[in-house]
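Q: Can you read through this structure? Questions will come right after.
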Amino acid sequence: SAELKVHTFKEKGTELRWFEEMVPMRDGVKLYTYGILPPEGEKCGIIVVRNSYAGEYKVDMRTYARKQIGNLKRGYAYVHQHVRGTGMSEGDWIPYLNEREDGLFFLDWVRRLPHYNGEIFLTGGSYLASVHWSYLGTNPPDVVIASIHGFCTEIVQTTVNPFVQIIRQFFQWNFLWIR
Numbered sequence: 075s076a077e078l079k080v081h082t083f084k085e086k087g088t089e090l091r092w093f094e095e096m097v098p099m100r101d102g103v104k105l106y107t108y109g110i111l112p113p114e115g116e117k118c119g120i121i122v123v124r125n126s127y128a129g130e131y132k133v134d135m136r137t138y139a140r141k142q143i144g145n146l147k148r149g150y151a152y153v154h155q156h157v158r159g160t161g162m163s164e165g166d167w168i169p170y171l172n173e174r175e176d177g178l179f180f181l182d183w184v185r186r187l188p189h190y191n192g193e194i195f196l197t198g199g200s201y202l203a204s205v206h207w208s209y210l211g212t213n214p215p216d217v218v219i220a221s222i223h224g225f226c227t228e229i230v231q232t233t234v235n236p237f238v239q240i241i242r243q244f245f246q247w248n249f250l251w252i253r
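Counting from 75, one number per residue, gives the positions in the sequence shown under the numbering used here.
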């Protein structure tokens, strides 16, 4: 299982547990990852977000944890990651180039969390949706819902690099995928 340094604090009588880690990807590049955890010993579904729009600063984890109380009460943990080369993550951000491999590796890391119950829920809008699209086609068996929105509607493969996709957006839409 993934080893986490867990922090706690009390908020209106509720103990909130959270972590903040630099998670190494397959090539050793470390991505800033943080999340809110259920009470110790409990297992739950995990909501996953991978973000390219993050600022270059650490998240105020007390504020973040307070915002996630509703998810915890509904039985979900929340794990958030700054994509490669953005926010507090290492590496270079080359749009779409590493999202599939990093995303699949990140899902494997999520599966090793001690509170993982076998269910992953993907969410995000715009580029945050595209990172999930990059690996959703592998049909991960434990991804039970993908609620993604505002992503581009036309994907064109380029001859420059077969792994890079050029994205053009001409209207916004919402997508809910349920296993």
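Positions of the beta carbon are idealized from the N, C-alpha and C atoms, including for glycine.
Here the structure is a predicted model, which means the values were calculated and not measured.
Tell me the residue span of the alpha helix (DSSP H) that contains K141.
A: In the sequence shown, counting from the first residue as 1, residue 141 sits at position 67. M135 to K141 is the extent of the alpha helix (DSSP H) around K141.
Q: On a CA-only basis, which of L105, R136 and D176 is nearest W207? Give me that one, please.
A: Counted from its first residue, the sequence shown places residue 207 at position 133. Cα-wise, what sits closest to W207 is D176.
Q: What number of angstroms, rounded off, separates the C-alpha of N235 from the C-alpha of G159?
A: Taking the first residue of the sequence shown as position 1, residue 235 is located at position 161. Taking the first residue of the sequence shown as position 1, residue 159 is located at position 85. Caution is warranted here: a pLDDT of 39 is assigned to N235, below 50, making its placement in the model unreliable, and the coordinate value is therefore given only provisionally. About 19 angstroms.
Q: Using the beta-carbon count (16 or more within 10 Å), is I110 buried or exposed?
A: Translated into the one-based positions of the sequence shown, residue 110 becomes position 36. The residue in question, I110, is buried, as its Cβ has 16 or more Cβ neighbours within 10 Å.
Q: Please return the same chain residues whose Cβ sits closer than 6 angstroms to the Cβ of P169, not counting the five positions on each side in sequence.
A: For the purposes of this step, residue 169 is identified with residue 95 of the sequence shown, where counting begins at 1. The answer is none, since no qualifying residue turns up.
Q: Taking buried to mean at least 16 other C-beta atoms within 10 Å of its own C-beta, is V112 buried or exposed?
A: One-based indexing of the sequence shown puts residue 112 at position 38. Checking the displayed sequence, the identity of residue 112 turns out to be Pro instead of Val. Looking at its Cβ environment, which holds 16 or more other Cβ atoms inside 10 Å, P112 is buried.
Q: Does DSSP put K147 in a helix, a strand or coil?
A: Position 73 of the sequence shown, counting from 1, holds the residue named residue 147. Helix.
Q: With V122 as the anchor, note down where its alpha helix (DSSP H) starts and where it stops.
A: Within the sequence shown, the letter at position 48 stands for residue 122. Unbroken run through V122 is the beta strand (DSSP E), C118 to N125; no alpha helix (DSSP H).
Q: Quick one: grab the DSSP three-state call for R100.
A: Along the sequence shown, one-based indexing puts residue 100 at 26. It is coil, neither helix nor strand.
Q: According to DSSP, is S221 part of a helix, a strand, or is it coil?
A: The sequence position of residue 221 within the sequence shown is 147, counting from 1. S221: strand per DSSP, three-state reduction.
Q: Terminal residues of the continuous alpha helix (DSSP H) containing H81?
A: Locating residue 81 in the sequence shown gives position 7, counting from the first residue. Careful: H81 lies outside any alpha helix (DSSP H), inside the beta strand (DSSP E) at V80 to E85.
Q: Taking only three categories from DSSP, how would you classify T197?
A: Working through the sequence shown from its first residue, we reach residue 197 at position 123. In this structure, T197 counts as strand in the three-state DSSP scheme.
Q: If the criterion is Cβ atoms closer than 8 angstroms, does the pair L105 and Q155 meet it?
A: Taking the first residue of the sequence shown as position 1, residue 105 is located at position 31. Taking the first residue of the sequence shown as position 1, residue 155 is located at position 81. Yes; because the gap between Cβ atoms is below 8 angstroms, this pair is in contact.
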